[in-house]
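In what follows, a single structure is set out as C-alpha cells and then discussed.
Protein chains: 6
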Amino acid sequence: MTDTNQKAQGPFADIAPALDQLTQQVLFGEVWERGELSKRDRSLITVAALIAQYRINELPFHLKFAQQNGVTRDELVEVISHMAFYAGWPAASTAVGIARKVFAEST
Amino acid sequence: MTDTNQKAQGPFADIAPALDQLTQQVLFGEVWERGELSKRDRSLITVAALIAQYRINELPFHLKFAQQNGVTRDELVEVISHMAFYAGWPAASTAVGIARKVFAEST
Amino acid sequence: MTDTNQKAQGPFADIAPALDQLTQQVLFGEVWERGELSKRDRSLITVAALIAQYRINELPFHLKFAQQNGVTRDELVEVISHMAFYAGWPAASTAVGIARKVFAEST
Amino acid sequence: MTDTNQKAQGPFADIAPALDQLTQQVLFGEVWERGELSKRDRSLITVAALIAQYRINELPFHLKFAQQNGVTRDELVEVISHMAFYAGWPAASTAVGIARKVFAEST
Amino acid sequence: MTDTNQKAQGPFADIAPALDQLTQQVLFGEVWERGELSKRDRSLITVAALIAQYRINELPFHLKFAQQNGVTRDELVEVISHMAFYAGWPAASTAVGIARKVFAEST
Amino acid sequence: MTDTNQKAQGPFADIAPALDQLTQQVLFGEVWERGELSKRDRSLITVAALIAQYRINELPFHLKFAQQNGVTRDELVEVISHMAFYAGWPAASTAVGIARKVFAEST
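Protein chains in written order, with our numbering: chain A, 938 to 1044; chain B, 938 to 1044; chain C, 938 to 1044; chain D, 938 to 1044; chain E, 938 to 1044; chain F, 938 to 1044.
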C-alpha cells in the first residue's frame, strides 16, 4: 500500500481518505481484478449479497455495474427472484423496487 | 400445488411436510430449473448469500452442490474472499473453516 | 403452478413476472391461506420478522395488513416494544417511526 | 429497579449479574407480564424473531417456552414454514432441525 | 421501575409510552450511566453496532451523541473504516454517507 | 501488495492464500496498526460488531485479543450487556455463553 502511483480518488476521499484508498487500491484495484472469478461472476455474487443483506444504498450502483460486467436485466431479475427464497420475500421486494428505478433511469 | 405426481420427499418431510413439499416442488422443482440463470450461476449466488448471512448450517450442502453444478473449489474460495469485502471478514473466516471441512471430506 | 385460473397480478408483475406469480399463487394464495395458523397470528409473526430484520420498506404494508387481520394498534405497538428486547432498540425505534406514520395516514 | 424483593437468579448471574438482573426484573418481570399481548402472542413473535435472525442458541428454550405458553407443535412448525418466506429458506431449514431435536427430547 | 420521580419524556412517548419509559429509565437512566464503561466507550460500541447492523435511521443521533461523549470526528471515521472489514464495505459506505451529512450540518 | 517481505502466514493460508495475505498485510498489518484509534478502542468496536452480528465463531479469538489489548473482563461483560439493548437479548445471551467459556479456559 506504499504505491506511489496516482490512483483515481473514489467517493470516500473527502472525509475518509484511508478507506477510500483501500477501496480504490485493494477492493477495486486488486480483488475485482483477480482472474479466479470473472467480473460477471463477481457482479452476480455482489448483487446477491447486497440483496440478501438489504444494503439498499449500494444496490443501485451494483445493479448498473453488473450490467457493464455482462449481466443482463433478465438475469438480475432472476437473481432477485432466487434471493426471495434464500433471503426472504421482503429482501426481494425491496430489490425489485430498486431495480425498477435503476432500469427506468437508463432506458 | 395439487400435483398428484409422486415427488421425492426431502429433509423436512418428517415434521414439516408442507414446507418440504414447497421445497421439493417450488424451490427445487421450479426455481432452480428456470432457464433464466444457469445452475452454476444459481449456486454462485446461493453460496454468496449463505456466506453473507452467516447461514452456517446450510453452507456445507451448497458448497457441495455448487461443485456438482460446475463451480470449482478455487472459485468457491474466491467467492469467500470476495465476500470478505461485501459481508465482512468474520463471515469469510467462518466460510473458510466450513469449506476446509467440506473439501477434506470429499478428497 | 400450472394453474390456468386467472389470478390477480401483484406489484412485481411489471418487471418480475415469475416472482409476482409465486407471490400471488404460493405466498398469498397458499401459505397465508393455510389453516394451521390464523391470519392474525401470521400477521403478528410477519410484523415481528420485519421489525427484527429492519425491513423498513415492507413494514408499512404489513402494519396495515395486520390491522385488517385483527391486530389492534395497541398490540402492534406492544409487538414493537417486545422486539426492542429481541432485536435491539434501534430496530424498535425505526418501527415506532414507521408505525406513527402508518397510523396517522389512516386516522 | 430498587426492588428489594429477592428475585430468582437467572442464567447470566455468574458472570454478568447486571444483565441477569435486567433479564429477570425487566424482560421477564415486566415486559412478558404486560397484558397488552398474551403470552402465547409473545411467544409467537419471539420465536419468529429468533428464526428470522438465526439465533440458533436461543431457539431451543423459546420453542419449549412457547409450548408452555399454549403454542402447539403444529403451530410452531407453521411459524417456521411462514418464516421460510419472510426470512429465507436457510433460516427455516435450521429451525426445522432445532425443532426436530427439541420435540424429540420431550416426547 | 416504581420510580415516582418525573423523568423527561422521550421520542416514543406519543404512541409507545411503555417503550419510552423503558428507554428513559432503563436504557439511558441506568445502562448508559453504569460506570463499568465510560460514555466514550459506550458511544464507540454503539456506533459500531449501528454501522454493522445497517441501522441507518439511528446512526445520525449516535454520531452526534458520540461527539458529545468525546469521540472525535477522525475517530468516528476510523470506526467506520474498521467496520468495513468487520461488517463489509457496503455497511461502511452507507455510514460514510451518513457521517458526511451529520458533520456538514454541525460545522 | 507487491510487498516482497515475508509475512507470517495466518489461519487461511492453506486453502485461501489470497485472503490470508489480505488478512495479514492489510487487516492486521495496516488497519489495526493505524494510530487514529487505539488497539483497545479497535477491540471494543470489533467485539461489539461480532456480538451484534452473532459471529459466534470469531468471538472467542477477539474476546482474548481484546484482553491483550487492555480491555478487562468486566468491561467485556459490560460491552455484552450494552449490546443486549443495541442488538437484542439473544445476541447478548450467546455472547455471555461464549465469554464464560473463554474466561474459564484462561483462568
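Glycine included, C-beta positions come from ideal geometry on N, C-alpha and C.
No experiment lies behind these values; they were computed from the predicted model shown.
DSSP places residue 982/E in the helix class (H, G or I) of the three-state scheme. Remark: C-beta atoms of residue 1007/D and residue 1030/D do not approach each other more closely than 9 Å. Shown here, residue 974/F sits in coil according to DSSP, grouped into three states, outside any helix or strand. Interface residue (Cβ-Cβ distance to chain C less than 9 Å): residue 1024/F is classified as such. Just measuring C-alpha positions, the residue of 1003/D, 1032/D, 952/D sitting nearest residue 1017/F is 952/D. For residue 1023/E, the enclosing alpha helix (DSSP H) stretches over residues 1010-1024.
Using a Cβ-Cβ cut-off of 8 Å, residue 1027/F is close to 1023 of chain C, given in chain order.
Note on geometry: alpha-carbon atoms of residue 991/E and residue 990/F lie some 11 Å from one another. Listed along the chain, the chain E residues whose CB falls inside 8 Å of the CB of residue 1031/C are 992, 994, 995. Taking C-alpha positions only, residue 956/B is separated from residue 963/C by approximately 12 Å. Sequence-ordered contacts of the stretch 1002-1019 of chain C with chain B are nonexistent [C-beta pairs closer than 9 Å]. The distance from the Cβ of residue 1022/D to that of residue 1034/A is about 18 Å, inconsistent with a contact at the 8 Å cut-off. Of the residues assessed, residue 1009/D falls on the exposed side of the cut-off, its CB having fewer than 16 other CB atoms within 10 angstroms. Between the alpha carbons of residue 986/B and residue 1014/C lies a distance of about 32 Å.
The Cβ-Cβ distance between residue 1041/D and residue 1000/D does not fall below 9 Å.
Each of 950/E, 1002/E, 993/E was checked against the Cα of residue 1027/E, and the nearest Cα belongs to 993/E. Counting of Cβ neighbours within 10 angstroms places residue 972/C among the exposed residues, the total staying below 16. In the structure shown, residue 1044/D adopts coil according to DSSP, grouped into three states. In this structure, residue 960/B lies away from residue 1019/A, with their beta-carbon atoms at least 9 Å apart. Of the candidates 958/E, 965/E, 948/E, 958/E places its Cα closest to the Cα of residue 968/D.
In chain order, 1022 make up the part of chain E whose C-beta sits under 7 Å from the C-beta of residue 964/F. Neighbours of residue 956/A across chain E, judged by C-beta separation under 8 Å: 1014, 1017, 1018, 1021, 1029, 1033.
For residue 1011/F, the number of other beta carbons within 10 angstroms of its own is below 16, and it is reported as exposed. Contact of residue 971/F with chain A by beta-carbon distance below 8 Å involves 955. Sequence-distant partners of residue 997/E (beyond 5 residues in either direction) whose C-beta falls short of 8 Å from its own C-beta, in its chain, are 1035, 1038, 1039. A residue is called buried once 16 or more other Cβ atoms fall within 10 Å of its Cβ, and residue 945/A, having fewer, is exposed. Distance between residue 976/E and residue 1032/E, taken at the CA atoms: about 21 Å.
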